[in-house]
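Protein chains in written order, with my numbering: chain A, 33 to 460; chain B, 33 to 460; chain C, 33 to 460; chain D, 33 to 460. Even for Gly, the Cβ is constructed at its ideal location relative to N, Cα and C. All of these numbers come straight from a predicted model, not from anything done at the bench. Take a look at the structure set out below.
4 protein chains.
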Amino acid sequence: MDYKVIHDSLHGSIKVEGVFLELIDTPELQRLHHIHQTGMAYLVFPGANHTRFSHSLGTHFIASKIAAALSLADEEKTLVGVSALLHDIGHGPFSHTLEYAFHTIYNLSHTDQASAIISENTPFIREREILNTFTIPEILEKYDIDPKNVSKLIQGMKVPYEWTLTPWLGGKSISTSNYLTQIIHGDVDADQLDYLLRDSYYTGLAYGIIDLPYLLNTLELHNDTLAINPKGVEAVEALLVARSLMFSSVYYHHAVRIAETMLTRAAEESLKEEPGLMSMSDWEFFSYLEKGSDYQKDMVTRLKYRQLFKRAYVVPADSVDENERAIFAELADPETRKEKERDLCRKAGIREGYALMDVPERDILLSEPRITRVGIPVYDGEFKKLSDYTPTAAALQKRRVPPWALMVSAPLKYKERVEKVCEKVVFQ
Amino acid sequence: MDYKVIHDSLHGSIKVEGVFLELIDTPELQRLHHIHQTGMAYLVFPGANHTRFSHSLGTHFIASKIAAALSLADEEKTLVGVSALLHDIGHGPFSHTLEYAFHTIYNLSHTDQASAIISENTPFIREREILNTFTIPEILEKYDIDPKNVSKLIQGMKVPYEWTLTPWLGGKSISTSNYLTQIIHGDVDADQLDYLLRDSYYTGLAYGIIDLPYLLNTLELHNDTLAINPKGVEAVEALLVARSLMFSSVYYHHAVRIAETMLTRAAEESLKEEPGLMSMSDWEFFSYLEKGSDYQKDMVTRLKYRQLFKRAYVVPADSVDENERAIFAELADPETRKEKERDLCRKAGIREGYALMDVPERDILLSEPRITRVGIPVYDGEFKKLSDYTPTAAALQKRRVPPWALMVSAPLKYKERVEKVCEKVVFQ
Amino acid sequence: MDYKVIHDSLHGSIKVEGVFLELIDTPELQRLHHIHQTGMAYLVFPGANHTRFSHSLGTHFIASKIAAALSLADEEKTLVGVSALLHDIGHGPFSHTLEYAFHTIYNLSHTDQASAIISENTPFIREREILNTFTIPEILEKYDIDPKNVSKLIQGMKVPYEWTLTPWLGGKSISTSNYLTQIIHGDVDADQLDYLLRDSYYTGLAYGIIDLPYLLNTLELHNDTLAINPKGVEAVEALLVARSLMFSSVYYHHAVRIAETMLTRAAEESLKEEPGLMSMSDWEFFSYLEKGSDYQKDMVTRLKYRQLFKRAYVVPADSVDENERAIFAELADPETRKEKERDLCRKAGIREGYALMDVPERDILLSEPRITRVGIPVYDGEFKKLSDYTPTAAALQKRRVPPWALMVSAPLKYKERVEKVCEKVVFQ
Amino acid sequence: MDYKVIHDSLHGSIKVEGVFLELIDTPELQRLHHIHQTGMAYLVFPGANHTRFSHSLGTHFIASKIAAALSLADEEKTLVGVSALLHDIGHGPFSHTLEYAFHTIYNLSHTDQASAIISENTPFIREREILNTFTIPEILEKYDIDPKNVSKLIQGMKVPYEWTLTPWLGGKSISTSNYLTQIIHGDVDADQLDYLLRDSYYTGLAYGIIDLPYLLNTLELHNDTLAINPKGVEAVEALLVARSLMFSSVYYHHAVRIAETMLTRAAEESLKEEPGLMSMSDWEFFSYLEKGSDYQKDMVTRLKYRQLFKRAYVVPADSVDENERAIFAELADPETRKEKERDLCRKAGIREGYALMDVPERDILLSEPRITRVGIPVYDGEFKKLSDYTPTAAALQKRRVPPWALMVSAPLKYKERVEKVCEKVVFQ
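If you want it as structure tokens, here you go:
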């Protein structure tokens, strides 16, 4: 069979053929060349320009390795490989950056978007027609793969299951998943293994904590559940440590978060009117905003040249009492937050949009619901909880990421003015 | 002094302070976040999304290490560090991609552009004014650094010396350089060490051939010349091997080259009218073309979704006789080449612009004049040529990069039609 | 000056000249080529054959980097570089393996031994005479370095300070150290940075957690104290994580520990009679034992071919009550422990020496007193404790390494017999 | 099935079970923990303490990967996996160091020794009896594997073929091998891939030139021949470059070679009387010599503390004429060489054994017959020679390794005396 060997800086090289090769050539996957894997983190970590494309390929690679290690049936291998490859095609510009804003308006996550593209022939890409290539559903059909199954795995479902914000925020975890779902959306899944390794490689941080070959060698299938052999417990511990470090050092680095908040505020209004923005690439989105309002233009210019807002006021996460928690819960609603921001700007005597509030709690759960979960079972004759084997799991669950409950940012020259009025505005 | 420690995936971390910190914050350097270091190579090597920004920082890092290893005076250290940091600010979108086209119109290379920005306060960035930051000449003045010296080092000059295409094509090499120039523009220089290492790291190819710490330890200063200790000869050999492999595998990979040819053709007409295009970032340039002619729009769409032209006809470099060499020399002139392309399209019965000729010989000399040079001296009591120590140098000089003298590409569906008429059109 | 560039797989390459070059050529340092850095860990991690020689060189390299980063005076740089290079010359065969046994007999640690060699011209190496080379004190004198200062740094002293077991076991930490001592024997010192990185590299475990370049860039000198800038806190966190993982995965891996217990028991009797055994290399020691008693011969044969004892009985560290703690405290005394072992063998009906008890608590403090310490201060205008910045420090201090308070091992065929009588013998 | 996951610093981790697990536990394989993979290279590259054990495991790992990539039958996979694991069990102390000397006496190579152990129940290990474990033939029988086949693959045979010095020196290459042999003993085989990667990793030289994942993805089976896809040609080129660099930088580094010559001379006499020396480990061999003659004792002491002989006289390989070639050919015979050495010592007025001649030509062919071969075919529809695709292959064949035809070494203090008489003694 014809094949391609694609170089990957992380995994060495990846061989693709058949259905995988055809899927890679679709515009939906090629578009991911233009989506930064870690949003605006490249402004702080100049090496972090890697894309959702290389991550999709890498997730496909790891998922296939897991499927091979577990000696799954050929059909299952294909299903897992396809789902891994397509799992991120629903991402908007700058990956998770706009996701929370979009979700509060349309109640759709990027996995919902992916699911729609895969099963409904949705014209996600404007130029689809002139490109005159096969659509994803057409390719899947050609290879006899049911798009519904792909779609379910990507959404983390086994049987009908609501992969929405509700159960996460309610603290419920997925109860009915099985091994195929676990490979794509579990606690030690291909997606997470690839992104942690890849983001480490490109940021230059903590590369190597995760011992991928060892993990692959200690994953086992018992009945319909993926579990880890006790030999692998320390490798899972290390994975949890890596995740925790990457979240606090990279994804929730304060400057990264400020940049992303700036972009989100610039986008919010347009998002309401044009849901199609979510099918843009990073640069199309920047170009779009540049032609927009003065505020949008200003934000893009600042981001382009890294003239970021500065921290003006911070409420540490571990100092929050019940009362305050209620206030921040309300601020998670974009309209409420904007109202407060407007109030803040007015009191500080600056233009609207030049003091921004970041209340990350729910946001983080949308982008990474696994952050508080350490659910992979250990199997030593019977299923055990990971926390029975190591206290690290529990300890890391308590580590607050990010360390702030609220962060207010503003241009350097307004910093002091904003700082002065913050406490009053927020807590009254 | 206030300092920043910037993570770099290649060098670990880089400490910047003083003049370097201020320079990094200028829009000219921040713009480099949006210029792919290896042009369109990311379409073939999906990890190669690294930018001229990280390369500039890395070159600064290596240049400073060399300066420290040679115990240069503080003033020299600063000059070398600044020159390394700024050496690439004159790059147009997609780095070297458009350089040859631009050069044939305006007779300016990217180092000339850099020089202009550094010494003349040229308003390279449109949004400079609203950003309200210091310019590079202002910062240099503040720290008592003569922009002329920076400018000279970047252009590879010691004393008045024409760093233009002429001497390279004439086979002349720099005769009057000294150690400061050598660190920035020599045969084992900071620029080259960083880009080879960095491009290896991000493409995933041949990483590790170059033994940077060893080279740093065996560089020595004798009189005003940088030389290598005989202990380091094998490390230089390995550098030459790495360079040769990277050129044939990455920079002149046929598909990368086709993509870059497509972009160049789409840009050529506009370039003549708007020299300012060279100050755009990659994405601004893509956006610009997208709003242009039908042809430009089509090319951008194809590049965006990786629908590249295919090789239709290739003349291998090592089969070219005198007569043919003369023909290719003429084709190096863009107008002659375009005429031939038009002829080709007419004869093949396809629209103009859909069969493209790539004649790389001069082009490569503009982007990397060092490719045929192995000039670092070895010092073992007296200066020796590297070729006295190892035959590898000479062998690699003979290795043809790229392997074609002419490559014609066209969309897959026209491939056969174009193939048929090529020989006749080219050689008559 | 004449120099050598020595390749080091970890740090790339290390340049040595002057006093360092002469010291490296002494038999005391060359002997370290034959001492495994991680004792018998190579039986579990087949890559871990690295030696105290490469570690000494690496510690020298890092200490010199720290000294340069802090811009110390040339004299201090030399002192620190020499101390780092010599800090491990007092190690007995298989590094820490026999150290506790030796210490309980002679009340000497390996740093005491090093100190003696450096300042007293002790004939540590039998073949010294025939080698006809300069001694370490002679070389130090030639370069005007006071051996007393080297000796003090290696023993962790600033002013008179008892670097013995007592303060550690009493939970006291060093109170009077200053920056020179800290570089050699602090909480983020050159020794520890090198061994964690090196042991990771050679075992293939968790390589890359420690961000050496970043740490080097964030160490600062305030008054006479080495402190970390707040920017570096997460890098120190990662160091603590790495240390904890390496201790539980490698140094206290149960099989490594069993092998080391076997070797210690084989050595104990001879050690009492021949303190000179501590100047042997690994292979000289193996050869010595092979010519010894039947028991010694048997142990060496088993170790040579990896026929290790197996765990027969384990008391987990976190289940120990006050009463039991007292029992284990007594077992830390070798004579008491041996008495118990004899009792155990008798009751199990096996030959003496074929059931061994490992009570690691004090042992670990001798080999790594830093294990429970996280003492590097953070400086953000004033000195702060690391634990004020991150909860990780405290969490890791609680992580029990090793996880057992007592482990009894025996040959596979005796395992059950031993298991049966253990509880009774130990707790009565 | 019960399995072990062994950490390997190079390949991450290796899973072993069944027959492989049982073989690993035999004393023949465990002995390899005590044989340095790169002989005495650790005296120049202090990281190079890796062993034949880790190399055997790694070769097994790569061979299994190749077998899987080619979708071989289960039986073939096992055969290839076993052969790779056992291919080096016949190595004497310090790997190739003594091989040439041993071969000239007994006409046996290390693969002949391995073959004998595998198929004849030879009591290679003295302590075999008391260890009371299964022998290799017993284990193979238990798993229904024919020792003859293993033995043949290890000796590079397909059908009866004389794997001796004769065909190599005659310039003949193996003509009848097929894919199973090629995996174990071909031009891109598992053995070579592992040792080049591993030796790079541990010496710290040129790590990463070889792109193992890419090679694995481009190996193909056509009829009964292993070939490389044209996509993989550059990866094979890089392998050849790596091999050439490792030979000149490491294996034939002049100081490494001097150390090995010293050890060989110390061993030669004893070797004749006690062929059993070849079953010793490195340290047993050192101990044996230490109890031997004064000369042997002196050599061991010098090697232990790195007091090596120095180069006194060198004849470069590329300056040798026909006449001289004949002289060196005679010197390849140990007796002739010794006679000359004696003559040299007499004329220089020093004790016998203190001026040593190294004539490496035949020696290198015994330790690495592949050095001049670049025989893997390229398959692009038909079999092509590698040299049809790239000139690198031919160029590297011409690169002389080692660069000397003759090197005479002596203790530093005798260097001048020896130098003076060399030319006369050698060429008359």
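8 Å Cβ cut-off: residues of chain D touching Tyr246 of chain A
Val37, His39, Gly44 and Ser45
If I measure Cβ to Cβ from Pro179 of chain C and keep anything under 6 Å in the same chain, skipping five residues before and after, which residues do I get?
Exclusion of the five residues before and after Pro179 of chain C leaves Ile150, Ser151, Pro169 and Leu172 as the residues of its chain whose Cβ lies within less than 6 Å of its Cβ.
Starting from the N-terminal side, write out each stretch of the alpha helix (DSSP H) that is 4 residues or longer and does not extend beyond the segment 39 to 125 of chain A.
Taken in chain order, the complete alpha helix (DSSP H) segments of 4 or more residues contained in the segment 39 to 125 of chain A are 50 to 56, 59 to 62, 84 to 101 and 106 to 118.
Tell me, to the nearest whole angstrom, how far the beta carbon of Gln69 of chain A is from that of His87 of chain A; I am working on the premise that it is less than 8 Å.
5 Å
Does chain B have any CB closer than 8 Å to the CB of Asp243 of chain C?
yes
Using DSSP with H/G/I as helix, E/B as strand and the rest coil, what is Leu388 of chain B?
strand
Does the beta carbon of Arg338 of chain D sit closer than 8 Å to a beta carbon anywhere in chain C?
yes
Who pairs with Phe459 of chain B in a beta bridge, going by DSSP?
None; Phe459 of chain B has no bridge partner.
Output the residue ranges of the beta strand (DSSP E) runs that lie fully inside the segment 287 to 364 of chain D and measure 3 residues or longer, sorted by chain position.
342 to 348
Supposed close pair Ala344 of chain A, Val440 of chain A - CB separation, criterion 8 Å:
5 Å
Quick one: complete alpha helix (DSSP H) runs, 4+ long, within the segment 238 to 266 of chain D?
244 to 250
When you compare the CB positions of Thr129 of chain B and Glu292 of chain B, do they come within less than 8 Å of one another, or not?
Yes, the pair counts as a contact, with Cβ atoms nearer than the cut-off.
Between Leu271 of chain A and Phe279 of chain A, what straight-line distance do the alpha-carbon atoms span, to the nearest angstrom?
12 Å
Burial state of Pro155 of chain A (16 or more Cβ within 10 Å)
Counting the other CB atoms within 10 Å of its CB gives Pro155 of chain A a total below 16, which places it among the exposed residues.
Proximity to Ser281 of chain C [Cα-Cα], best of A:Tyr284, A:Asp243, A:His119 and A:Lys370
A:Asp243
Is it true that the CB of Asp221 of chain C sits closer than 8 Å to the CB of Gln214 of chain C?
yes
Environment of Pro392 of chain B [buried if 16+ CB atoms lie within 10 Å]:
Looking at its Cβ environment, which holds 16 or more other Cβ atoms inside 10 Å, Pro392 of chain B is buried.
DSSP beta-bridge partners for Tyr35 of chain D?
D:Glu49
Count Cβ pairs between the segment 46 to 53 of chain D and the segment 104 to 114 of chain D that sit closer than 8 Å; are there 3 or more?
yes
For the segment 248 to 262 of chain A, list every residue whose C-beta sits within 9 Å of some C-beta in chain D, in sequence order.
Leu248, Asn249, Thr250 and Asn261
Which value, in whole angstroms, describes the spacing of the CA atoms of Glu371 of chain B and Glu384 of chain B?
10 Å
Keeping to the same chain, check which residues put their C-beta closer than 7 Å to that of Lys379 of chain D; ignore five residues upstream and five downstream.
Val453 and Val457
If you scan the segment 135 to 195 of chain B from start to end, which runs of the alpha helix (DSSP H) of 4 or more residues do you find wholly inside it?
142 to 152, 160 to 163, 168 to 174 and 179 to 186
Measure the alpha-carbon distance for Ile186 of chain D versus Ile216 of chain D and round it to whole angstroms.
Looking at the two C-alpha atoms, the distance is approximately 7 Å.
Considering only their Cβ atoms, is the gap separating Tyr421 of chain C from His254 of chain C smaller than 8 Å?
Not closer than 8 Å, so no.
Output needed for Phe317 of chain A: all residues of its chain with C-beta closer than 6 Å, excluding positions within five of it in sequence on either side, in chain order.
Pro125
Are the C-beta atoms of Ala270 of chain A and some chain C residue less than 8 Å apart?
yes
Under 8 Å between C-beta atoms of Pro59 of chain B and Tyr337 of chain A
Yes; because the gap between Cβ atoms is below 8 Å, this pair is in contact.
Which residues in chain C have a C-beta closer than 7 Å to the C-beta of Met55 of chain D? List them in chain order.
Residue 55 of chain D is actually Leu in this sequence, not Met. The contacting residues do not exist; Leu55 of chain D stays about 13 Å from chain C at best.
Compute the distance between the beta-carbons of Leu248 of chain A and Val182 of chain A, then report whether it is under 8 Å.
no
If you measure beta-carbon to beta-carbon, which residues of the segment 86 to 120 of chain D are closer than 7 Å to chain C?
Ser86 and Leu89
For Tyr74 of chain D, return the contacting residues in chain C, with the cut-off set at a CB-CB distance below 7 Å.
His65
Ser313 of chain D: buried (16+ other C-beta within 10 angstroms of its C-beta) or exposed?
buried
What is the rounded straight-line gap between the Cα of Gln328 of chain D and the Cα of Leu42 of chain D?
36 Å
Output yes or no for whether 8 Å exceeds the beta carbon distance between Leu61 of chain D and Ile137 of chain D.
no
Boundaries (first-last residue) of the alpha helix (DSSP H) holding Leu130 of chain D:
Leu130 of chain D -> no alpha helix (DSSP H), and no H or E assigned at all.
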